[in-house]
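Colleague: Take 22 as the starting number for the sequence shown in the working numbering and just add one per residue.
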Amino acid sequence: MGARRERLDVLLVERGFFATRSAARAAVMAGLVLVNGQPAGKSGMPVDSGAEVQVRQLPRYVSRGGLKLAKALAEFAVDVHGKTAIDVGASTGGFTDCLLQAGASRVYSIDVGYGQLDWRLRQDERVVVMERTNIRRLSPGQVGESVALAVIDVSFISLTLVLPVLKSLDVPEIIALVKPQFEVGKGRVGKRGVVRAAADHLAVLERVVAAAAKEGYVAAGVTYSPLRGPEGNIEYLLYLCRDGLAETPDKAKFVGVVTAAHEEFLLKGNLPPHGE
22 MGARRERLDV
32 LLVERGFFAT
42 RSAARAAVMA
52 GLVLVNGQPA
62 GKSGMPVDSG
72 AEVQVRQLPR
82 YVSRGGLKLA
92 KALAEFAVDV
102 HGKTAIDVGA
112 STGGFTDCLL
122 QAGASRVYSI
132 DVGYGQLDWR
142 LRQDERVVVM
152 ERTNIRRLSP
162 GQVGESVALA
172 VIDVSFISLT
182 LVLPVLKSLD
192 VPEIIALVKP
202 QFEVGKGRVG
212 KRGVVRAAAD
222 HLAVLERVVA
232 AAAKEGYVAA
242 GVTYSPLRGP
252 EGNIEYLLYL
262 CRDGLAETPD
272 KAKFVGVVTA
282 AHEEFLLKGN
292 LPPHGE
């Protein structure tokens, strides 16, 4: 009889590398897990129960999202220590985890889904879990206190539909993860949902900035995410402040960020070939 086989993410939890399968999946996606000396391709791949499994470096956050937000907090010099924040599209909780580690006193973790937030974060008294909550229907009374910062990581919905809600909550600062595939027209999305063209990325950023301006926010900073989305999309981080608190960079800054993102991922060979 051959060796028993089971999913890699299950095996990682059983061996004590991670507390949850979601954390194990994040590590596999980040390329941190080796099986018999080779990088693991998928978290669900079947693995012999006796296989040699190594984790090169335990992830700092419960999901890859934490690394994205960490770059934004550092680059935009945003201090969240002692502040209350909202995490829109919390999912596993990468952004929430990052905010807590940066010193946030309370985080409202909002998601339309259910059961995704990491168990450790659920038990943290600083986290207010708001599952099955559609951000577009969120009212100020559901939060019940002043919020200093909102962070956004949403899918299948445009940021332009989220910003008016944050304005109604009187949120002064916003860090938004901009995902081109959910902001451009369907005709601009390629195979596997990847938006390749730099011109489309620039147009997306300009569109979101214009929508923010209608809600009284200015774009105080922009950078690109250090990690691509699951299918290979380049993503961007936009720092929005209430009008009067900052000045919007000129267009050259946005062009420079888009250009730098494409150059980096092309150099690493991480940008999907044209047509994919």
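Cβ atoms here follow ideal geometry from the backbone N, Cα and C, with glycine treated the same way.
Computed from a prediction, not measured in an experiment: that's the story for all the values here.
#1: Starting from Glu-27 and walking both ways along the beta strand (DSSP E), at which residues does that stretch end?
#2: Only counting runs of 4 or more residues, tell me where the alpha helix (DSSP H) segments fall wholly within the stretch 137 to 163, in order along the chain.
#3: Answer yes or no: do Glu-194 and Ala-169 have a C-beta to C-beta separation smaller than 8 Å?
#4: Taking only the alpha-carbon atoms, compute the straight-line gap between Arg-42 and Gly-162 and give it to the nearest angstrom.
#5: Is there at least one Cβ from chain D nearer than 8 Å to Arg-77's Cβ?
#6: Assuming the contact rule is C-beta atoms closer than 8 Å, Leu-258 and Thr-280 should be a hit. Round their C-beta distance to whole Å, please.
#7: On the three-state DSSP scale, how would you describe Val-183?
#8: Secondary structure at Ala-123, three-state DSSP: helix, strand or coil?
#9: Assuming contact is defined by CB atoms lying nearer than 8 Å, are Ser-246 and Leu-198 in contact in what I supplied?
#10: If we count the other Cβ atoms within 10 Å of its Cβ and call it buried at 16 or more, is Tyr-135 buried or exposed?
#11: Can you tell me where the beta strand (DSSP E) holding Leu-88 begins and where it ends?
#12: Since Asp-108 contacts Tyr-129 with CB under 8 Å, what's their CB separation in whole angstroms?
#13: Going by DSSP, what residue range makes up the alpha helix (DSSP H) through Arg-228?
#14: What whole-angstrom Cβ distance do Ser-64 and Glu-27 have, given they're in contact under 8 Å?
#15: Between the C-alpha atoms of Glu-285 and Lys-200, what's the straight-line distance to the nearest angstrom?
#16: Would you mind sorting Lys-207 into buried or exposed? The rule is 16 or more other CB atoms within 10 Å of its CB.
Modeller: Straight from the coordinates:
#1: It spans 26 to 28 - the beta strand (DSSP E) in which Glu-27 sits, taken as one unbroken run.
#2: Runs of the alpha helix (DSSP H) spanning 4 or more residues and lying entirely within the stretch 137 to 163 occur at 140 to 143, in chain order.
#3: Taking 8 Å as the Cβ cut-off, Glu-194 and Ala-169 qualify as a contacting pair.
#4: Answer to the nearest angstrom: the Cα atoms are 34 Å apart.
#5: Of the protein chains in the structure, only one exists, and it is not chain D.
#6: Going by Cβ atoms, the distance from Leu-258 to Thr-280 rounds to 16 Å, so no, they are not a contact pair.
#7: Secondary structure of Val-183 (DSSP, three-state): coil.
#8: Reduced to three states, the DSSP call for Ala-123 is coil.
#9: Contact: yes.
#10: Exposed.
#11: Where Leu-88 is concerned, there is no enclosing beta strand (DSSP E), although the alpha helix (DSSP H) around it starts and stops at 86 to 96.
#12: Contact between Asp-108 and Tyr-129 is confirmed by a C-beta separation of about 7 Å, below the 8 Å threshold.
#13: Element bounds for Arg-228: 219 to 235.
#14: So it is not a contact: roughly 12 Å between Cβ atoms.
#15: If you take the alpha carbons of Glu-285 and Lys-200, they lie about 18 Å apart.
#16: By the neighbour-count criterion, in which a residue is buried when 16 or more other Cβ atoms sit within 10 angstroms of its Cβ, Lys-207 is exposed.
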